[in-house]
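Structure first, commentary second.
In UniProt numbering, the protein residues as written are 1 to 147.
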């Protein structure tokens, strides 16, 4: 895939779309593509997380080890929080078929944010809105459980 194709793919990811064209181009240029065959492990539960992955083609099963799982297909960002904070992987991911990802290292992502403060502010605001929504959802679920 070309840099323009990678930028177009990154634009499909709601979180990354907030960064704008110049920042997405820097991410596309600085990231790396990785290919997988069925059964290959993208990462394991508990691994150190130093990157996020955008699925280019194929699909990955993302499993938290406790029964919750999702299928991540093209345009899905796996490991979003790893782009902004050091952490352990809360799940594992395995290729379900021949697949490829764009690996975005946290260090690259942070350099892009440092070079584009307005993009960093947009991202911060988006995370704040999501955190507020999650807190609201938890309160509503708790209220339903206590009735």
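Backbone N, C-alpha and C fix where the C-beta goes; we use that ideal spot for every residue, glycine too.
If you compare the alpha carbons of 8, 1, 62 with that of residue 34, the shortest gap goes to 1. Straight-line spacing of the CA atoms in residue 92 and residue 39 works out to 12 Å.
In the three-state reduction of the DSSP assignment, residue 52 falls in the strand class, which pools E and B. The secondary-structure analysis by DSSP pairs residue 63 across a beta bridge with 69, 92.
In this structure, the alpha-carbon of residue 78 lies about 23 Å from that of residue 116.
By the CB criterion at 8 Å, residue 18 and residue 114 fall outside the cutoff. Within the same chain, Cβ atoms closer than 7 Å to the Cβ of residue 48 are found at 88, the five residues on either side in sequence being excluded.
By the Cβ-count criterion, residue 46 is exposed, with fewer than 16 other Cβ atoms from all chains shown falling within 10 Å of its own Cβ. Taking C-alpha positions only, residue 61 is separated from residue 131 by approximately 25 Å.
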